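Trainee: One structure is given below, represented as structure tokens, and several questions about it will come after.
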């Protein structure tokens, strides 16, 4: 592939599987998303095929985990991992266990943790039926927590009472106040 201004550099676009063993000088891994077709791929094998395969993997996504390890360790110089806000489980493990730096396009990471599963991040999703936006956990479908109010991403005030909702602006007959997103289960308010 040729990139304007970088014609003298050999840039090859390969799948992770196809790149195995090439020992490239530098590697950029794209689209490390937490998605059914992401990396790791979460599609399950056909039940008949599972009967023919060996026992269950000792680690979740063991084969793709090995492949990811090869990508990270067999590069001569540098590896850059590009992940959307709904980052792959592998990327999250690197960040959590090894304190690797994660930056967004503006140089900062402001991810809001999911208050239910505690490991996922709240990301903006779009309702398939009506097109409205809402917040959902990046670990969906394992965690199906959602929030209607997108302001949670910028004003991250956890509810001190239930510890699983966020305090968001609401209007009532006596004016504006902050109320918990878990209402009516949690009736905490702040004037």
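Numbering (my numbering), first residue to last: 23 to 213.
All residues carry an ideal CB built from backbone N, CA and C; glycine is no exception.
Keep in mind that this is a model prediction, so the values were computed, not measured.
What residue from 82, 107, 46, 203 has the CA that sits closest to residue 180's CA?
Mentor: Nearest of 82, 107, 46, 203 to residue 180, Cα basis: 203.
Trainee: Give the secondary structure of residue 131 by DSSP, where H, G and I count as helix, E and B as strand, and everything else as coil.
Mentor: Because residue 131 sits at a pLDDT of 49, beneath the cut-off of 50, its placement in the model cannot be relied upon, and the point is left open.
Trainee: Quickly, what does DSSP pair residue 191 with across the bridge? List them, please.
Mentor: Per DSSP, 200.
Trainee: For residue 183, collect the residues of the same chain with a Cβ closer than 6 Å to its Cβ; drop the 5 residues on either side in sequence, then sort them by chain order.
Mentor: For residue 183, where only same-chain residues beyond five positions count, the Cβ hits under 6 Å are 208, 210.
Trainee: My output table needs one value for residue 36: the three-state DSSP class, helix, strand or coil.
Mentor: Of the three classes helix, strand and coil, the one that applies to residue 36 here is coil, per DSSP.
Trainee: Just list the residues that DSSP pairs residue 159 with in beta bridges.
Mentor: DSSP, once it has assigned bridges, lists 144 as partnering residue 159.
Trainee: Per DSSP, what are the beta-bridge partners of residue 212 in this structure?
Mentor: Answer is 200, bridged to residue 212.
Trainee: Below 8 Å on the Cβ atoms is my contact criterion, and I expect residue 89 with residue 42 to pass it. Report the Cβ-Cβ distance as a whole number of Å.
Mentor: Correct: roughly 7 Å between the Cβ atoms.
Trainee: Quick one: Cα of residue 140 to Cα of residue 160, how far?
Mentor: Computed Cα separation, rounded: 11 Å.
Trainee: Can you grab the Cα-Cα spacing for the pair residue 112 / residue 158, in whole Å?
Mentor: Rounded to the nearest angstrom, the two C-alpha atoms are 19 Å apart.
Trainee: Using beta-carbon positions only, say whether residue 201 and residue 137 come within less than 9 Å of one another.
Mentor: Cβ distance not < 9 Å, so residue 201 and residue 137 don't count as in contact.
Trainee: In the structure shown, what three-state DSSP assignment does residue 169 receive?
Mentor: If DSSP states are grouped into helix, strand and coil, residue 169 belongs with the strands.
Trainee: Is residue 51 helix, strand or coil by DSSP?
Mentor: Strand at residue 51.
Trainee: Thinking just about the alpha-carbon of each residue, which of 109, 39, 47 is nearest to the one in residue 31?
Mentor: Minimum Cα distance to residue 31 is reached at 47.
Trainee: Looking at the strands, I want to know which residues DSSP matches up with residue 101.
Mentor: Its beta-bridge partners are 49.
Trainee: Look at the alpha carbon of residue 205 and the alpha carbon of residue 190, and state the distance between them as a whole number of angstroms.
Mentor: Distance between the alpha carbons of residue 205 and residue 190: 11 Å.
Trainee: Looking only at its chain, what residues have a beta carbon closer than 6 Å to the beta carbon of residue 60, apart from the 5 residues adjacent to it on each side?
Mentor: Within the same chain, residue 60 has close Cβ partners 110.
Trainee: Anyone know if the C-beta pair for residue 50 and residue 101 falls short of 9 Å?
Mentor: Their beta carbons are under 9 Å apart, which means residue 50 touches residue 101 by this criterion.
Trainee: What does a CB cutoff of less than 8 Å around residue 24 pick up in its chain, not counting 5 residues either side in sequence?
Mentor: Excluding residues within five positions, the ones whose Cβ falls inside 8 Å are 33.
Trainee: So, helix, strand or coil for residue 84, using DSSP?
Mentor: Residue 84 falls in the helix class under three-state DSSP.
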